[in-house]
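A short worksheet on the structure shown next.
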Amino acid sequence: MKKTLLVIAMVLVSVFSLAACSGGNYEIAMITDSGGIDDKSFNQSTWEGIIEYAEANQKVFKYYKPREVSDKAYLRAIKLAVRGGAQIVITPGYLFETALYEAQELYPDVKFVLLDGEPNSGDDPATEAYDPVYETKPNTLNILFDENDAGFLAGYVSVKSGKFTNLGFFGGMSVPAVQRFGIGFIAGAYYAADEMEITITFSADHYEYLGSFAPTPDAQTKAGAWYSAGVQVIFAAAGGAGSSAMSAAEEQTDKWVIGVDADQSGDSASVITSALKGVGEAAIAALEDFYGGNWVGGRTISLGAAEEAVGLPDDFTRFGTYAAAAEAAYDYILPLVVNGTIVVPTNDEASLGTFLTGLGVSNADLVEKAEPEETE
Numbered sequence: 199m200k201k202t203l204l205v206i207a208m209v210l211v212s213v214f215s216l217a218a219c220s221g222g223n224y225e226i227a228m229i230t231d232s233g234g235i236d237d238k239s240f241n242q243s244t245w246e247g248i249i250e251y252a253e254a255n256q257k258v259f260k261y262y263k264p265r266e267v268s269d270k271a272y273l274r275a276i277k278l279a280v281r282g283g284a285q286i287v288i289t290p291g292y293l294f295e296t297a298l299y300e301a302q303e304l305y306p307d308v309k310f311v312l313l314d315g316e317p318n319s320g321d322d323p324a325t326e327a328y329d330p331v332y333e334t335k336p337n338t339l340n341i342l343f344d345e346n347d348a349g350f351l352a353g354y355v356s357v358k359s360g361k362f363t364n365l366g367f368f369g370g371m372s373v374p375a376v377q378r379f380g381i382g383f384i385a386g387a388y389y390a391a392d393e394m395e396i397t398i399t400f401s402a403d404h405y406e407y408l409g410s411f412a413p414t415p416d417a418q419t420k421a422g423a424w425y426s427a428g429v430q431v432i433f434a435a436a437g438g439a440g441s442s443a444m445s446a447a448e449e450q451t452d453k454w455v456i457g458v459d460a461d462q463s464g465d466s467a468s469v470i471t472s473a474l475k476g477v478g479e480a481a482i483a484a485l486e487d488f489y490g491g492n493w494v495g496g497r498t499i500s501l502g503a504a505e506e507a508v509g510l511p512d513d514f515t516r517f518g519t520y521a522a523a524a525e526a527a528y529d530y531i532l533p534l535v536v537n538g539t540i541v542v543p544t545n546d547e548a549s550l551g552t553f554l555t556g557l558g559v560s561n562a563d564l565v566e567k568a569e570p571e572e573t574e
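Printed below as a string of structure tokens:
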């Protein structure tokens, strides 16, 4: 994926002008979610984008790590950031949805950027009356990503390269963004198999949401068992938990991991490619709009392959003797996703089951795993 801000910036920019608020010591703030700024994934990529912009533009910045994963702790961290002079607060992850629903009203003069979510009241889903209220105020900008595009590209290239025919998927938690990664991955793998007229193995037993983005011995053991059972590559859309799959792959021969969010090839020799999501680039573009007087909040935008916001790294050397085929596959399929020739299924619009049926594929158990009834 080209590292460019051009298209993202064009999506974010508008003619609306807003003067920056006066602030204190740390005018740009980031609040981490369940991970840290060194999670080698979503948080770290966002933080690196903030650093890049702030250092290039002489802005003071700081991150705040809540003491626990709770709305109360997130609100406390946001309060500290505002007291510290934050003019714009960037929050990466759906876990901030409920806290920002309240914070955007408490601090109307502060701008908020929510990556991967939309502010909502977060009513108790255990009650029959579960119907959260969604509201995005003018001081908040939500940025979502078409993770299904990135997952599709990863699945397609993995199979089309000729290297993989037995696949697995690790999702951190069963939330819409992670679901979209997995749904796209399945669709891409089967799309390539259909073109090649080959049979691939993608068992529902090898598709799982771990319930956490943290690395655990249990996750490593599970990945190891999958590899021993014949799985060749695991797409680990699991944040820091992806390191568990990497450790398991390193213990066996010719077993691989597809990384997520950032290029994770530097984290392990087992990472053959990564499904990239330009969270750092999106953070930079939002900061450019804010400081450039072009801020427009009160809205949600979605960025995908057409905006160069998701994709794969340009380096396919870890595919070894299959590298040329992998690169050719990517160069062929990317334009078809960008221009809409291929409509990649998602968890809320186009059905994965319908997509697979169109390919003559029947894998109902896998579809059920990938598309749980409750997607929000």
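Residue 574, in my numbering, is where the sequence shown stops; the numbers in between run on with no holes.
For glycine and all other residues, C-beta sits at the position ideal for the given N, C-alpha and C.
The DSSP-derived three-state label of lysine 263 is coil. Under the rule that a run must span 4 or more residues, the alpha helix (DSSP H) segments found entirely inside the segment 409 to 439 read 415 to 426. Distance from the CA of alanine 481 to the CA of aspartate 314, rounded to the nearest whole angstrom, comes to 12 angstroms. Taking 8 angstroms as the cut-off, the beta carbon of tyrosine 389 is found closer than this to the beta carbon of leucine 557. Ranked by Cα distance from valine 308, the first of Gly320, Gln285, Glu316 is Gln285. Short of 6 angstroms from the beta carbon of alanine 523, and not among the five residues preceding or following it, lie these beta carbons of its own chain, in chain order: Ser359, Gly360. In the three-state reduction of the DSSP assignment, lysine 475 falls in the strand class, which pools E and B.
Lysine 475 sits buried, since 16 or more C-beta atoms from the chains shown fall within 10 Å of its C-beta.
Residues of the same chain with a CB within less than 7 angstroms of the CB of asparagine 223, apart from the 5 flanking positions on each side, are Val258, Gly282, Gly283 in chain order. DSSP places phenylalanine 400 in the coil class of the three-state scheme, outside both helix and strand. About 5 angstroms separates the beta carbons of alanine 443 and valine 455, which is inside the 8 angstroms limit, making them a contact pair. The criterion of a C-beta distance shorter than 8 angstroms is not satisfied by valine 331 and asparagine 340. Residue environment: methionine 394 is assigned as exposed (fewer than 16 neighbouring CB atoms within 10 Å of its CB, all protein chains considered).
Taken in chain order, the complete beta strand (DSSP E) segments of 3 or more residues contained in the segment 286 to 330 are 286 to 290, 309 to 313. Per DSSP, tryptophan 493 is not a residue of any beta strand (DSSP E), being assigned neither H nor E.
The residue among Gly380, Ala391, Pro415 with its C-alpha nearest the C-alpha of alanine 402 is Gly380. For valine 376, the enclosing alpha helix (DSSP H) covers residues 374 to 394. The continuous beta strand (DSSP E) containing aspartate 459 extends over residues 454 to 459. Annotation: threonine 471 to aspartate 236 spans about 20 angstroms, alpha carbon to alpha carbon.
Contact between alanine 421 and alanine 446 holds: CB atoms are separated by about 4 angstroms, below the 8 angstroms threshold. In its chain, beyond the 5 residues on either side, Val536 have a beta carbon closer than 6 angstroms to the beta carbon of alanine 504. In this structure, the beta-carbon distance from alanine 297 to aspartate 321 does not fall below 8 angstroms. Here valine 469 carries a strand assignment [DSSP, helix/strand/coil]. When DSSP states are grouped into helix, strand and coil, tyrosine 224 belongs to the coil group. Burial of arginine 378 is indicated by the presence of at least 16 other C-beta atoms within 10 angstroms of its C-beta. Proximity to glutamate 303 across Gly353, Tyr292, Leu273, Leu293 peaks at Leu273, based on C-alpha coordinates. For threonine 498, the closest of Asn337, Ala460, Ala412, Ser466 by C-alpha to C-alpha distance is Asn337.
When only Cα atoms are considered, threonine 552 and asparagine 561 end up about 11 angstroms apart. Where glutamate 406 is concerned, the enclosing beta strand (DSSP E) starts and stops at 405 to 407.
Exposure of threonine 451 is indicated by the presence of fewer than 16 other C-beta atoms within 10 angstroms of its C-beta. When DSSP reads this structure, glycine 369 sits in a beta bridge with Tyr407, Ala435. For glycine 349, the three-state secondary structure derived from DSSP is helix.
With a 10 Å radius around the Cβ and a threshold of 16 neighbouring Cβ atoms, glycine 438 comes out buried. Distance from the CA of proline 511 to the CA of threonine 363, rounded to the nearest whole angstrom, comes to 21 angstroms. Between the beta-carbon of alanine 348 and that of alanine 473 there is about 4 angstroms, and that keeps the pair under the 8 angstroms contact cut.
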